[in-house]
Amino acid sequence: MRTLFLSTLLAIAGLTALWVGTDGGRAFTAETARRLEVREHPKPVPNWHLEDQNAKTLALSDWHGRYVVVDFIYTSCTSACLTLSSGMGNLQREFEKALDKDRLRLLSISFDPEKDTPERLRHHFSHFSGEGKYWVATRPTHVVEKKAILDFFKVTVIPDGMGGYTHTAGYHVINPQGRLVAIFGVEEYSKLQDYLTIALAEGKSNEG
Amino acid sequence: MKVSRRSWYLPCLIWGLLALPPLRHVLELSMITHMLVQLPLLAFLGWWLGQAFPEKLKRRIAPWNRWGISGMVLVVATVLYWMLPRALDAAISEPIFEIAKFIGIPLFIGTALSLSWFQLNYIARGVLMLEFWAMFMRLGWLYVVLPDRLCANYLLGEQRILGRALLIIGSIWAVIWTLRILFGVRWKKPKILASNPSLSEKN
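Here the protein sequences come in this chain order: C and W. The first sequence begins at 373 in my numbering and counts up one residue at a time. The second sequence begins at 274 in my numbering and counts up one residue at a time.
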């Protein structure tokens, strides 16, 4: 009897732990959990200061009132960042109108600020016909700030054993109120397009 | 029966060494050592500790764990939880999960197993072992073919190596098992049960 009682109790506790630990059977990896969390609890993005490809300082709060798509890169990258950057290049073409009307901005943040000087960021841009007007490549100016940014977005960067890095790759969407509202993986590029199209259209109708 | 002081002292000492930053970091640096060295070692220490439990305590636990059922429920739930890639990632990036791992795996897997396994009905034992083996093979296959990284803290290459390692270990295990069945080698009765008829009688 006591065994039945205890084992039932343990089974319930175990299932609860699994249920809570996977957000109700929805997130088995840290990456899915990260995306889910942002969707359900958008969090305000702190106002960081970044140095852009022209060595000018940029504060994130300057971009309030616009949608911002953020990706994380390092310029010596040979894999994920290339996909990410060409995706950003596509966004730049497809959402030209929104960019022109000052309703959308694209932001690449380098997590390798020691190597990625403004010159290198400019050079990186030239591969993806980034004109640098609405799509800005930046680097954190301080190690502490870099850590804070990566922690906030829950971006994990690990050395790949060949002098480079392997990192969480995705497009992070910040809404006009300055909240991180959605994350799309590299493979979800078309979902990102749909999301932005709808979001920008809604914003337009709100403005009247 | 007098339990020597050393028998519980040693696993705790090794546990402490494993928990100290140098060894902990080294083992967690790679997915392979994390999953195939650190976690099994923690479970083993728990088992060791369970063997050193005083008879009095064992006798007090026994009515709550008849046929080893409660213990096995705990083991299965804990194993399932720590198989989540997310849990493994959390153990590296969040101290609370790291602590949970260092306490949960020895006690809820190792100790619970040592107090329950040999009381378990032999059919249940066979089913669990087969299922555990299948888990090795399934996970191994998954890690080899999966194009995406499951853990944010580990490289895809490591995931693949781990997959192959799991498949190899699983295969060796299967061969040993087959030989055992073919040549009729039976499980030995463990010392604790042999020396403690009060426990084995409850079977």
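Even glycine gets a Cβ: it sits at the ideal position worked out from N, Cα and C. In this text the structure is predicted, and so the values were computed from the model without any measurement.
Do residue i and residue j have their C-beta atoms within less than 9 angstroms of each other?
i, j, result
"W:PHE409", "W:LEU435", "no"
"W:LEU283", "W:TRP321", "yes"
"C:LEU456", "C:THR510", "no"
"C:LEU564", "C:TYR439", "no"
"C:ALA541", "C:VAL553", "no"
"C:ALA402", "C:THR538", "no"
"W:HIS307", "W:LEU296", "no"
"W:ILE382", "W:VAL348", "yes"
"C:THR375", "W:TRP390", "no"
"C:TRP420", "C:GLU574", "no"
"C:LEU432", "C:VAL417", "yes"
"C:GLY533", "W:LEU428", "yes"
"W:SER366", "W:GLY319", "no"
"W:TRP355", "W:LEU312", "yes"
"W:ALA425", "C:THR528", "yes"
Spatial neighbours of residue i within its chain, please: C-beta separation below 6 angstroms, excluding the five flanking residues on both sides.
i, result
"W:TYR416", "GLN432, LEU435, GLY436"
"W:PHE375", "ALA292"
"C:VAL442", "LEU479, HIS544"
From which residue to which residue does the alpha helix (DSSP H) around residue i run?
i, result
"C:PRO490", "490–499"
"C:ASP486", "Asp is not the amino acid found at residue 486 of chain C; the sequence shown has Glu there. No alpha helix (DSSP H) holds C:GLU486; DSSP gives it neither H nor E."
"C:ASP523", "515–525"
"W:TYR354", "342–355"
"W:HIS298", "294–302"
"W:LEU330", "328–334"
"C:VAL508", "Run containing C:VAL508: none in the alpha helix (DSSP H); it sits in the beta strand (DSSP E), 507–512."
"C:GLY542", "It is not in any alpha helix (DSSP H) - C:GLY542 instead sits in the beta strand (DSSP E) that spans 542–546."
Can you list, in chain order, the residues of its chain with a C-beta nearer than 8 angstroms to that of residue i? Leave out the 5 residues immediately preceding and following it.
i, result
"W:PHE370", "ALA360, ALA363, ALA364"
"W:GLY443", "TRP406, PHE409, MET410, GLY413"
"C:TYR561", "GLY459, ASN462, TYR543"
"W:ILE378", "LEU312, LEU315, ALA316, GLY319, THR351, TRP355"
So, at 7 angstroms on beta carbons, what are the nonlocal neighbours of residue i in its own chain, with the 5 sequence-adjacent residues on each side left out?
i, result
"W:LEU393", "TRP340, GLY341, MET345"
"C:ALA399", "ALA405, LEU408"
"C:LEU381", "none"
"C:ILE445", "CYS453, LEU456, SER457, SER480, SER482"
"W:LEU403", "none"
"W:ILE287", "LEU318"
"W:LEU380", "GLY319"
State the start and end residues of the unbroken beta strand (DSSP E) segment that holds residue i.
i, result
"W:ALA438", "Counting along the chain, W:ALA438 falls outside any beta strand (DSSP E), though it belongs to the alpha helix (DSSP H) covering 429–455."
"C:ALA431", "429–431"
Uninterrupted alpha helix (DSSP H) stretches inside the region 362–424 of chain W (no shorter than 4 residues): 368–377, 385–389, 395–418, all fully within the region 362–424 of chain W.
Can you give me, in chain order, the residues of the region 346–367 of chain W that have a beta carbon less than 8 angstroms from any beta carbon in chain C? Those would be VAL346, LEU347, VAL349, ALA350, THR351, LEU353, TYR354, LEU357, PRO358, ARG359, ALA360, ASP362, ALA363, SER366, in chain order.
Under 7 angstroms (Cβ pairs) to chain C, residues found in the region 320–348 of chain W: Cβ contacts with chain C come from PRO336, TRP337, ASN338, ARG339, ILE342, SER343, VAL346, LEU347.
Select from the region 505–529 of chain C all residues with a C-beta closer than 7 angstroms to any C-beta belonging to chain W, and list them in chain order. For chain W, the residues of the region 505–529 of chain C that bring a beta carbon within less than 7 angstroms of one of its beta carbons are THR528, in chain order.
Could I get the ranges of all uninterrupted alpha helix (DSSP H) runs contained in the region 374–404 of chain C, with 4 residues as the minimum, in chain order? Fully enclosed alpha helix (DSSP H) runs of no fewer than 4 residues occupy 374–393 of the region 374–404 of chain C, in order along the chain.
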